[in-house]
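Okay, structure first, notes after.
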Amino acid sequence: MPAGELLTIGQVWELSKLWYRDRLSPDFKGRTIAEAHQMFEKIGLNTAFWRFES
Amino acid sequence: MGKTITHFDLKIRYQVYRFFADNCRAPAFQDIADLLNTESEKVRVSFHKLHERHMLFLEPGSDSIRIANPFSAIPTNFKVLSGNKSWWANCAWDSLGIPAALNIDVLIEANFPDLDDAVELHVDHGKVDNEQLYIYFPLPFRHWYDDLIYT
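And the structure:
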């Protein structure tokens with residue numbers, strides 16, 4: 001298993017807003033891996049750690 | 001992977017989240033059946049379908065919700081408080097997920113018993129303090145759903 005990653009609180013807050021902002025919406029239907037990748041990339045998380053494929 | 005998620009399942013998912021947000025605890029399937037005036041068995045089956053699709057997470061071998069990210073049904077080291085309400089988050093990330101999901105200001109009390117340490121964070125008007133602190137993500141994205149309790 002590769003080592004983990006450290007994110008600042010500021011980065012995690014930005015990720016949280018993207019990841020969870022629609023969780024209380026009646027229209028939330030889950031998300032695809034591609035959509036998750038887009039969220040990670042939006043805040044600069046581009047390494048293999050944040051990719052679904054190994 | 002299980003059966004197709006239907007409009008009914010998505011309605012159940014929404015009601016679970018609404019219940020968690022409003023009542024600060026996980027609903028039993030009977031709670032949701034009562035709210036929607038529908039058969040409890042249909043809701044129980046829906047809980048399991050949502051579990052299979054990672055849209056909520058049941059206690060192993062039971063019908064009880066353990067996790068509906070970012071909410072935890074059981075006490076954890078991450079407590080999120082707002083007004084007269086409080087919720088348990090599954091991890092440090094989810095403790096920020098609760099104010100993000102509910103769009104509210106909060107106080108987060110994070111306890112680290114192994115280190116005999118505690119940290120308080122505030123989310124106030126969309127800003128978080130202590131931005132320079134770090135959160136450790138132990139597992140890469142592709143393994144997050146292997147064992148969600150550990151993740």
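Chains as they are written, first to last, in our numbering: chain D, 1 to 54; chain U, 1 to 151.
Glycine is no exception: its CB is placed at the ideal position from the N, C-alpha and C atoms.
All values derive from a computational prediction rather than experimental measurement.
Could one say the Cβ of residue i lies closer than 7 Å to chain U's Cβ atoms, at least one of them?
i             : result
residue 5(D)  : yes
residue 12(D) : yes
How about residue i: is its C-beta nearer than 7 Å to some C-beta of chain D?
i              : result
residue 137(U) : yes
residue 70(U)  : yes
residue 26(U)  : no
residue 202(U) : This structure gives no information on residue 202(U), because the portion of chain U shown stretches from 1 to 151.
residue 101(U) : yes
residue 145(U) : no
residue 83(U)  : no
residue 56(U)  : no
residue 96(U)  : yes
residue 1(U)   : Low per-residue confidence applies at residue 1(U): pLDDT is 47, beneath 50, and the placement is therefore not dependable, though the value from the model is reported in the following sentence. Not closer than 7 Å to any Cβ of chain D, the Cβ of residue 1(U) fails to qualify, so no.
Per DSSP, which residues does residue i bridge with? Please list them.
i              : result
residue 86(U)  : 81(U)
residue 124(U) : 127(U)
residue 8(D)   : 134(U)
residue 111(U) : 118(U)
residue 68(U)  : 71(U)
residue 58(U)  : 65(U)
At 7 Å on the CB atoms, spell out the chain D contacts of residue i, in chain order.
i             : result
residue 33(U) : Here the premise fails: no neighbours, minimum Cβ distance about 18 Å.
residue 53(U) : 30
residue 10(U) : 29
Mind pulling the chain D residues with CB within less than 8 Å of residue i?
i             : result
residue 18(U) : 24
residue 21(U) : 24
Does the beta carbon of residue i come closer than 7 Å to any beta carbon on chain C?
i             : result
residue 32(U) : Looking for chain C here will not work: the only protein chains present are D and U.
Members of the segment 29 to 43 of chain D near chain U, C-beta cut-off 9 Å
29, 30, 33, 36, 37 and 40
Residues of the segment 117 to 142 of chain U with Cβ closer than 9 Å to any Cβ of chain D, in chain order
121, 123, 126, 127, 128, 129, 130, 131, 132, 133, 134, 135, 136, 137, 138, 139, 140, 141 and 142
Enumerated in chain order, which unbroken segments of the alpha helix (DSSP H) with a length of 4 residues or greater are wholly contained in the segment 5 to 45 of chain U?
7 to 23 and 29 to 36
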